[in-house]
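Chemist: Quick one: structure below, then a few questions.
There are 2 protein chains.
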Amino acid sequence: MERVLPPGMSAAAFDRGLIALRAVVGAQWVLDTDEDRETYLDPYATGDRRAHAPSAAVAPASAEQVQAVMRVANAHRLPLWPISRGKNFGYGGAAPRLPGSLVLDLGRMNRILEVNEKLGYCVIEPGVTFYELHEHLANAGIALEFGFPNFGWGSAVGNAMDRGFSFRGDHSSSICGLEVVLPDGSLLRTGNGAMAGSPTWATARHGFGPSWDQAFVQANFGVVTKMGLWLHPVPEQVISVQVALDQKDDLAWFVDELSPLLMRGVLGGNIAISTATNSIIDNSQRKDWYAGPGALPDSVVTRMMSERGLGWWNSTVRIAGPEDTNEANLKRVLAALHRHSSRDYPVSRATGASQAARGPVVNRLKVLNWYGGRGGHVGFSPVMPASGAAVVAQFHRTKLRYDEHGIDHNCTFYLNGRTVTNINLMLINLDDADHTARTGRLFDALVADASAQGYAEYRTHLDYMDAVAASFDFNDHALRRFNERVKDALDPNGILAPGRNGIWPAAWRGQRNK
Amino acid sequence: MERVLPPGMSAAAFDRGLIALRAVVGAQWVLDTDEDRETYLDPYATGDRRAHAPSAAVAPASAEQVQAVMRVANAHRLPLWPISRGKNFGYGGAAPRLPGSLVLDLGRMNRILEVNEKLGYCVIEPGVTFYELHEHLANAGIALEFGFPNFGWGSAVGNAMDRGFSFRGDHSSSICGLEVVLPDGSLLRTGNGAMAGSPTWATARHGFGPSWDQAFVQANFGVVTKMGLWLHPVPEQVISVQVALDQKDDLAWFVDELSPLLMRGVLGGNIAISTATNSIIDNSQRKDWYAGPGALPDSVVTRMMSERGLGWWNSTVRIAGPEDTNEANLKRVLAALHRHSSRDYPVSRATGASQAARGPVVNRLKVLNWYGGRGGHVGFSPVMPASGAAVVAQFHRTKLRYDEHGIDHNCTFYLNGRTVTNINLMLINLDDADHTARTGRLFDALVADASAQGYAEYRTHLDYMDAVAASFDFNDHALRRFNERVKDALDPNGILAPGRNGIWPAAWRGQRNK
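Line by line, the protein sequences give chains A and B.
For the first sequence, the working numbering begins at 1 and goes up steadily by one.
For the second sequence, the working numbering begins at 515 and goes up steadily by one.
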């Protein structure tokens, strides 16, 4: 991809910035060929890829180099877009919000600095992948685990910074202690890490005074160079209960029965429940099932269900802990399910160690082949209260929109206890312009529908950050004004991740989508 | 108490401010008689009470009035010190850090705005006491409970804002959603509350973008006028295991055995383990046991133990949940205890409902009579890793300091899973100047000892806020500089709680203790 410069910047000024950056990280770590830039594009972009094209990338090797890069960026007014491994797929990948930003690629900083088995934590750099963390624990025989999302090559730090989650729940909840390079290049440690040599940096959730970890998450106030993450002791045993529910509206009682068990801590993490289509797209293509236009008819889904032994809704309820309490909780889970349906719920048992040994997977990428052509995907992810009625209404509303726009429906609801997060995957054939455009319109319709319910997304694609941020409208967007007031105080030149999640520094505020 | 004005302010300027405040809240809610001021002093102050004397108090009835008060404070440069119920005993009570501050008393704002039994939360105003919350739940027959500290008349919001805790763990962890009046008088709602009409304000921990709740805790960036708090479903059953350990060093194995059960979620909340003296001070006076000078000798403690059937260490381990898993977990707890000692551990069982019905207590105030004279107390509260060796070393180090300074030792260690919080209560006879002075020196010695270990306090008295904040020394006090940078951006006139937890706005920075 040809070079796209930051808005309003001359090539000469930009080149002077690159020279200064090369002096900091070495010439080979300033990446500015057309091929380099290609690497950092959003592979699944539905619109013009130039809208989120980087000008170049810079890859520092240490927190000190990040500090120096930040100082250069201030001196030359270079907007930086930090990424860890850049695998934020469905939400923009490695690409920046503001075109012409330099990608600040932290992938070289990939040390696992500490793992404490007794106290259940690790301290790691942003370049550490889920795979590397898993392998490190397995090789060292450490009986701790971390949840992992669908793509094991992603960064544990980056995923937590975007509030990614897994069956273990929200990964940002595991954050305990950050080292952050602030936009002015100074170095901050949060929590008890702010006391030099503190042994409780990654064990005490809050230090003394305000607690900042969660204010750096999903924001653009600093670049995280070290993160404490709480790891989970590997449970003695894991019982898995397979649940398949035939009727669409069964989702309501499932949410109402299982959410209280999560809220009470009887079950840990979260529970995913997905449409049959969500399993089918993993291992087959649309043409294997249906060749017609428009959205997949329900009759085809019914055929999928019967051929594959699936329900409309499918879930694996995970009961993890010691064997004795697991068996007691299994009775409770089965009793809840049998209050509504007498069907069989297959139960399997495994040691926690054997489950933990499996590690992260990647096969989820196969879904991109669903439509054929160049595959892409976008996720729409609203959060709602853990009420069966609210959840099933959200499902029907969304399914109708998919049908209206002629897009094949699939989704997952994640039960978290007090809330439910709904991930709607939109698969795309990027070679089909009409399909791609309809997906965009579907997304807009879903945002509007959710806003009308007072539901916001927990995370969104670069293209929708301004729209989602704007949906937080209380008191004339008081939260956005607050975010930007803090942003301006910490980043007066607006060099760090302008526009991330709708937070624009003064220097770039005119770039906000109207 | 005679009026103490803000440093550098004339009586005429101050009086102009009071006139403007009366216009906002009504004359009867600006409290400026000597008797009024007396009400807001720290009743247990060990030093000169003028050091933390308020000039007056103002008691708004609504968030709108708080906004108006804040605007007046900016116009007249009046420093405000917000309190909820002002029961922050041991840490300064209702008294302000900066002498001459106006106490912003939020006690009139005491509505319980919402309780959602199904989703397990409430939304309340700062004036709501633990008693009132408990009574509300009991009268409405709602099977939810909140933990409560020793004093039931305190504010649930205020306690959470100071990171108070109970057997249910850190109360600030229950915060989900705030309404905050910022220092400029504008109104902010955090999390999903920033979307008007959102049904997930108090259920979704984080909204979209940075999450601010924990940055307002223990800080001075805004006045909380509404708070969402997660409530706990009343458990089916509670099993209590009485533990008495005879040897001082038994504490080490207790920490190492029980902390992993908390970390794994087998046990919830935290576990308190206290010295025998900590029970004795509840219900007797020093003169009943010993009349000598200096610290209570160990031989007297041994007599207390044998007469009252106490161990050196005493704990009630609480197992809460369904009966079947409770019984399984009881076996696990008893097995852990019996690995180290074959003594008897009495077990009692009660329904969760009967335990919840008990509600908050107040009898803990009796400890103030220990020495006789006008009683006071101060708490020293460092946090350390959940390692038996670290904890028992902390105990010995602290006990030695108490003995050296001739102060009777008592303490509690709270096991939280990955950390242990140590509350050292210093009881004082405020009529005894020498005793009071020795207590001050003991406190200084304890701060220095803990800092040498890299242990910080989680919370401290007004007199020690600057010292504790200064002990966070990484990168030339980077955290303090960061806190104050945000403070200056949000509160340019420095009107809100100057000096709280060592955070000084530019206007008052010269007031920091050296």
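Note that the Cβ used here is the ideal one computed from N, Cα and C, for glycine as well.
This structure is a prediction, so every number in the text was calculated from the model and none was measured.
Phe-380 of chain A by DSSP, collapsed to three states: which one?
Modeler: DSSP places Phe-380 of chain A in strand when its eight states are reduced to three.
Chemist: State yes or no: is the beta carbon of Tyr-605 of chain B nearer than 9 Å to at least one beta carbon in chain A?
Modeler: No, its Cβ sits nowhere closer than 9 Å to a Cβ of chain A.
Chemist: Could you tell me the distance, in whole angstroms, from the CA atom of Tyr-44 of chain A to the CA atom of His-52 of chain A?
Modeler: Whole-angstrom Cα-Cα distance: 12 Å.
Chemist: Which ranges does the alpha helix (DSSP H) cover as unbroken runs of at least 4 residues, wholly within the stretch 965-1008 of chain B, from first to last along the chain?
Modeler: Listed in chain order, they are 979-984 and 988-1004.
Chemist: Say whether chain B places a C-beta atom closer than 9 Å to the C-beta of Ser-84 of chain A.
Modeler: It does not; no Cβ of chain B falls within 9 Å.
Chemist: At a Cβ threshold of 9 Å, is Met-195 of chain A touching chain B?
Modeler: Closer than 9 Å: yes.
Chemist: Taking a contact to mean a Cβ-Cβ separation below 9 Å, would you say Thr-560 of chain B touches Ile-937 of chain B in this structure?
Modeler: Cβ distance not < 9 Å, so Thr-560 of chain B and Ile-937 of chain B don't count as in contact.
Chemist: How about His-377 of chain A: is its C-beta nearer than 9 Å to some C-beta of chain B?
Modeler: For His-377 of chain A, the answer is no, since every Cβ of chain B falls outside 9 Å of its Cβ.
Chemist: Starting from the beta carbon of Ala-970 of chain B, find every residue of chain A whose beta carbon is closer than 9 Å, and list them in chain order.
Modeler: By Cβ distance, chain A contributes Asn-192, Ala-194, Met-195, Ser-198, Thr-200, Ala-204, Gly-207 and Phe-208.
Chemist: Express the C-alpha separation of Ser-569 of chain B and Arg-622 of chain B in angstroms, rounding to a whole number.
Modeler: Arg-622 of chain B and Ser-569 of chain B: Cα-Cα distance of roughly 20 Å.
Chemist: Report back the beta-carbon spacing between Arg-85 of chain A and Gly-127 of chain A to the nearest angstrom; my notes put them in contact at under 8 Å.
Modeler: Going by Cβ atoms, the distance from Arg-85 of chain A to Gly-127 of chain A rounds to 7 Å, so yes, they are a contact pair.
Chemist: Suppose contacts are defined by Cβ-Cβ distances below 9 Å. Is Met-818 of chain B in contact with Ala-790 of chain B by that definition?
Modeler: Yes. Within cutoff.
Chemist: Rounded to whole angstroms, what is the Cα-Cα separation between Thr-419 of chain A and Ala-393 of chain A?
Modeler: Taking the straight line from one Cα to the other gives about 15 Å.
Chemist: From the DSSP secondary-structure annotation, give me the bridge partner or partners of Cys-925 of chain B.
Modeler: B:Asn-938.
Chemist: Exposed or buried, Arg-481 of chain A, counting other C-beta atoms within 10 Å across all chains shown (16 or more means buried)?
Modeler: That one is exposed.
Chemist: Return no unless some Cβ of chain B is closer than 9 Å to the Cβ of Tyr-345 of chain A.
Modeler: So, not an interface residue.
Chemist: Please name the residue in A:Tyr-91, A:Phe-130, A:Lys-118 and A:Gly-100 whose C-alpha comes closest to that of Ile-112 of chain A.
Modeler: When only C-alpha atoms are compared, the closest one is A:Phe-130.
Chemist: So, does the CB of Phe-996 of chain B fall closer than 9 Å to a CB anywhere in chain A?
Modeler: It does: the Cβ of Phe-996 of chain B has a partner Cβ on chain A nearer than 9 Å.
Chemist: DSSP state of Gln-218 of chain A, grouped into three classes?
Modeler: Gln-218 of chain A falls in the coil class under three-state DSSP.
Chemist: Under 8 Å by Cβ, that's how I've got Arg-50 of chain A and Val-103 of chain A pegged, so tell me the actual separation to the nearest angstrom.
Modeler: That belief does not hold up - the Cβ atoms of Arg-50 of chain A and Val-103 of chain A are roughly 15 Å apart, past 8 Å.
Chemist: Going by DSSP, which residues form a beta bridge with Asp-1037 of chain B?
Modeler: Outside the displayed span of chain B (515 to 1028) sits residue 1037 of chain B, for which this structure offers no information.
Chemist: Give a yes or no on whether 9 Å exceeds the smallest Cβ distance from Arg-591 of chain B to chain A.
Modeler: No, its Cβ sits nowhere closer than 9 Å to a Cβ of chain A.
Chemist: Who are the Cβ neighbours of Asp-684 of chain B in its own chain at under 7 Å, not counting the five residues just before and after it?
Modeler: Within the same chain, Asp-684 of chain B has close Cβ partners Arg-677.
Chemist: By how many angstroms is the C-alpha of Ser-820 of chain B removed from the C-alpha of Ala-272 of chain A?
Modeler: Cα to Cα, the separation comes out at about 55 Å.
Chemist: Does Gly-641 of chain B have its Cβ less than 9 Å from a Cβ in chain A?
Modeler: No - not a single Cβ of chain A is within 9 Å of the one on Gly-641 of chain B.
Chemist: Taking 9 Å as the CB-CB limit, is Tyr-518 of chain A close to chain B?
Modeler: As displayed, chain A neither begins before 1 nor continues past 514, which places residue 518 of chain A out of reach and without an answer.
Chemist: Quick check: what's the CA-CA separation for Val-580 of chain B versus Ala-537 of chain B?
Modeler: If you take the alpha carbons of Val-580 of chain B and Ala-537 of chain B, they lie about 13 Å apart.
Chemist: Run the CB neighbour count on Lys-87 of chain A, radius 10 Å, all protein chains shown included, and call it buried at 16 or more, exposed below.
Modeler: Counting Cβ neighbours within 10 Å, Lys-87 of chain A comes out buried, since at least 16 surround it.
Chemist: So, is Ser-354 of chain A buried or exposed, given that buried needs 16 or more other C-beta atoms within 10 angstroms?
Modeler: Flag for Ser-354 of chain A reads exposed.
Chemist: On the three-state DSSP scale, how would you describe Arg-438 of chain A?
Modeler: DSSP places Arg-438 of chain A in helix when its eight states are reduced to three.
Chemist: Strictly under 9 Å for the Cβ-Cβ distance: is Gly-372 of chain A near chain B by that measure?
Modeler: For Gly-372 of chain A, the answer is no, since every Cβ of chain B falls outside 9 Å of its Cβ.
Chemist: Alpha helix (DSSP H) containing Ala-813 of chain B: first to last residue?
Modeler: Correcting the residue identity first, residue 813 of chain B is Ser in this sequence and not Ala. It spans 812-822 - the alpha helix (DSSP H) in which Ser-813 of chain B sits, taken as one unbroken run.
Chemist: In the DSSP assignment, find the alpha helix (DSSP H) that holds Trp-767 of chain B and state where it starts and stops.
Modeler: Looking at the DSSP string, the run of the alpha helix (DSSP H) that includes Trp-767 of chain B is 764-777.
Chemist: Can you give the Cα-Cα distance for Arg-485 of chain A and Ala-1003 of chain B, rounded to whole angstroms?
Modeler: Cα to Cα, the separation comes out at about 7 Å.
Chemist: Which residues in the same chain as Arg-332 of chain A place their Cβ atom closer than 6 Å to its Cβ, once the five residues preceding and following it in sequence are excluded?
Modeler: Contacts found: none.
Chemist: Taking Cβ positions only, does Val-447 of chain A come closer than 9 Å to chain B?
Modeler: So no, Val-447 of chain A is outside the interface.
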